[in-house]
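Trainee: Residue numbers (the UniProt record's numbering): 1 to 304. All C-beta atoms in this analysis are idealised placements derived from N, C-alpha and C, irrespective of residue type, glycine included. For clarity, every value in this text was computed on a predicted model and none was experimentally measured. Structure provided below as structure tokens; questions to follow.
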Amino acid sequence: MVPVYVKGGAWSNVEDQILKAAVSKYGLQQWTRVASLLAKKTAKQAKARWNEYLDPRLRKEDWSPEEDEKLLNLARLLPNQWRSIAESFGRTAAQCVERYQTLLDETSGSMSSNDLGLTGSSAENAVSIGSTSVQVGDLNIDAETKIARPDAVDLDDDEKEMLSEARARLANTKGKKATRKEREKMLAESKRIALLQKRRDLKQAGITTKLSAPKKKYATQKDYNADIVFEHRPTEGFYDTSEEIQANDKQLNKFERDVNYSGLDSDKQRIKKRDQEMKRSHNRIMKSKRLLLLTWMKLSREEN
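Following this line, the structure appears as structure tokens:
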């Protein structure tokens, strides 16, 4: 006969820490994904553990006398509606049941739960939250509201495997789509760098190449490097605008002349002036060399 494994039982400290980390990543809606990190717990049990014990919004401090009085009044007005009563205190239903049982035991210790009229599921009529009598494998207990079982000095092989798998999955903060997009981006960047390096090598070898336009998938595809996208040329009107066009061209030419005169072509003029000075100095040097050569030739003739 195939053995039947029942998920549940007491919660360990390792499972609590994994549950906290999973909730911080997946949120409070994807309990199936959260429970997939816990080998011995279901999605329903993980949600109950969070809502009944691990939720940081739950109040776990001591009860005040005002809260005790309010609890007794609400228990009288709303009998056995512990979920509704717990919402007004910011606590769990098990905490309210436990406190109500404690107050009644203080007044009359001989009364039993049947005499008090406490009916309902075992999840609500639970024993003390701080009880340590919970054992691994116990059934029909409200383990989600109990203190976690402390870790042993050496974890079991199952717990080690569960912890390593949860750490590996939670460390992967990027999903499959984001990882694929990043990989495609890196491939495109490496392809672009390789193409630039190839063009640089060809240019050093004296071969000039140009980036060819990509092949069009269809005839009406736009070339964004050559065409003006979504260009709408205005239609010609009924009136002759040739005089206005000539006036605009004349004004544009005048503006360009004024700009050039005011110093736009100063760099060109400076370069031209420098070239002229270099040419004059070169001519003077050549002239002085010729004079020296003629003088030397004349002196050599006189000596002979």
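#1: Indicate the three-state DSSP secondary structure (helix, strand or coil) for S212 in the structure shown.
#2: Ignoring anything shorter than 4 residues or poking outside the segment 231-288, list the alpha helix (DSSP H) runs there in chain order.
#3: Where does S164 sit, in a helix, a strand or coil, going by DSSP?
#4: Can you give the beta carbon distance from L37 to A166, rounded, assuming they're within the 8 Å contact cut?
#5: Give me the residue from R59, S108, D105 with the minimum Cα distance to A93.
#6: Buried or exposed for Y239, going by 16 or more other Cβ atoms inside 10 Å?
#7: Mind checking L28: buried by the 16 CB within 10 Å criterion, or exposed?
#8: Could you give the distance in angstroms between the alpha-carbon of A168 and the alpha-carbon of T32?
#9: Please report the distance separating the alpha-carbon of D154 from that of K160.
#10: Assign K41 to buried or exposed, taking buried as 16 or more other Cβ atoms, counted over all protein chains shown, within 10 Å of its Cβ.
#11: Closest to N13 by CA distance: which of E303, D151, S212 is it?
#12: Work out the CA separation of K268 and K289 for me, nearest whole Å.
#13: Grouping DSSP H, G and I as helix and E and B as strand, with all else coil, what is R57?
#14: On a CA-only basis, which of Y224, T208, Y100, R284 is nearest P214? Give me that one, please.
#15: Please classify M278 as buried or exposed, where buried requires at least 16 neighbouring CB atoms within 10 angstroms.
#16: What is the rounded straight-line gap between the Cα of W296 and the Cα of E303?
#17: Rounded to a whole number of angstroms, what is the C-alpha to C-alpha distance between A48 and A143?
#18: Is M186 buried or exposed, if buried means 16 or more other CB atoms sit within 10 Å of its CB?
#19: May I ask which residues mark the beginning and end of the alpha helix (DSSP H) holding W50?
#20: R199 to T209, Cα distance in whole Å?
#21: Between which two residues does the alpha helix (DSSP H) containing W82 stretch?
#22: Looking at the secondary structure, which residues open and close the alpha helix (DSSP H) in which Q101 lies?
#23: When DSSP labels each residue in this structure, what does S36 get in the three-state scheme?
#24: With DSSP collapsed to three states, give me the class of S24.
#25: Could you check the C-alpha separation between L71 and P65 for me, to the nearest Å?
#26: Mind checking which residues open and close the alpha helix (DSSP H) that includes E144?
#27: In three-state DSSP terms, what is S12?
#28: Using the beta-carbon count (16 or more within 10 Å), is E98 buried or exposed?
#29: Which residue marks the beginning of the alpha helix (DSSP H) containing D68, and which one marks its end?
Mentor: Answer, in terms of the structure:
#1: To locate residue 212, count along the sequence shown from 1; it is residue 212. Residue state, collapsed to three classes: coil.
#2: Runs found: 242-259.
#3: Here the question's residue 164 lines up with position 164 in the sequence shown. Helix.
#4: For the purposes of this step, residue 37 is taken as residue 37 along the sequence shown, with counting starting at 1. For the purposes of this step, residue 166 is taken as residue 166 along the sequence shown, with counting starting at 1. Their Cβ separation, rounded to whole angstroms, is 5 Å, which keeps L37 and A166 in contact under 8 Å.
#5: Walking along the sequence shown from the start, residue 93 turns up at place 93. The residue with the shortest Cα to Cα distance from A93 is R59.
#6: Against the sequence shown, residue 239 aligns to sequence position 239. Burial call: exposed.
#7: Residue 28 sits at position 28 when you count from the first residue of the sequence shown. Exposed: under 16 other Cβ atoms inside 10 Å.
#8: As a first step, residue 168 is located in the sequence shown; it is residue number 168 there, counting from the start. As a first step, residue 32 is located in the sequence shown; it is residue number 32 there, counting from the start. Straight-line Cα distance between these residues: approximately 18 Å.
#9: Here residue 154 refers to the residue found at position 154 of the sequence shown. Here residue 160 refers to the residue found at position 160 of the sequence shown. Taking the straight line from one Cα to the other gives about 9 Å.
#10: Along the sequence shown, one-based indexing puts residue 41 at 41. Buried, by the Cβ-count rule.
#11: The residue you call residue 13 lines up with position 13 of the sequence shown. Looking at the Cα atoms, D151 is the closest of the given residues.
#12: Walking along the sequence shown from the start, residue 289 turns up at place 289. Walking along the sequence shown from the start, residue 268 turns up at place 268. Cα to Cα, the separation comes out at about 32 Å.
#13: If you number the sequence shown from 1, residue 57 lands on position 57. Coil at R57, not helix or strand.
#14: Counting from 1 along the sequence shown, the entry for residue 214 is found at position 214. Cα-wise, what sits closest to P214 is Y224.
#15: Taking the sequence shown and counting its residues from 1, the one referred to as residue 278 is at position 278. So M278 counts as exposed.
#16: Residue numbering aside, residue 296 sits at position 296 when the sequence shown is read from its first letter. Residue numbering aside, residue 303 sits at position 303 when the sequence shown is read from its first letter. Each residue's alpha carbon lies about 11 Å from the other.
#17: One-based indexing of the sequence shown puts residue 48 at position 48. One-based indexing of the sequence shown puts residue 143 at position 143. A48 and A143: Cα-Cα distance of roughly 10 Å.
#18: One-based indexing of the sequence shown puts residue 186 at position 186. Around the beta carbon of M186, fewer than 16 other beta carbons lie within 10 angstroms, which makes this residue exposed.
#19: Working through the sequence shown from its first residue, we reach residue 50 at position 50. Membership of W50 in any alpha helix (DSSP H) is not indicated, and neither H nor E is assigned to it by DSSP.
#20: Start at 1 with the first residue of the sequence shown, and residue 199 comes out as number 199. Start at 1 with the first residue of the sequence shown, and residue 209 comes out as number 209. About 7 Å.
#21: Reading the sequence shown from its first residue, position 82 is the one you call residue 82. Under the DSSP assignment, W82 falls in the alpha helix (DSSP H) whose first and last residues are 82-89.
#22: Translated into the one-based positions of the sequence shown, residue 101 becomes position 101. Membership of Q101 in the alpha helix (DSSP H) is indicated by the continuous run 93-107.
#23: Here residue 36 is taken as the residue at index 36 of the sequence shown, counted from 1. Correct three-state label for S36: coil.
#24: By one-based count along the sequence shown, residue 24 stands at place 24. If DSSP states are grouped into helix, strand and coil, S24 belongs with the helices.
#25: Looking up residue 71 in the sequence shown gives position 71. Looking up residue 65 in the sequence shown gives position 65. Straight-line Cα distance between these residues: approximately 10 Å.
#26: Mapped onto the sequence shown, residue 144 falls at position 144. Taken as a continuous stretch (DSSP letters only), E144 belongs to no alpha helix (DSSP H), as it is neither H nor E.
#27: Locating residue 12 in the sequence shown gives position 12, counting from the first residue. Residue state for S12 is assigned as strand, using DSSP reduced to three classes.
#28: In the sequence shown, residue 98 corresponds to position 98, counting from 1. E98 should be labelled buried.
#29: In the sequence shown, the residue the question calls residue 68 occupies position 68. 65-77 is the span of the alpha helix (DSSP H), which, as asked, contains D68.
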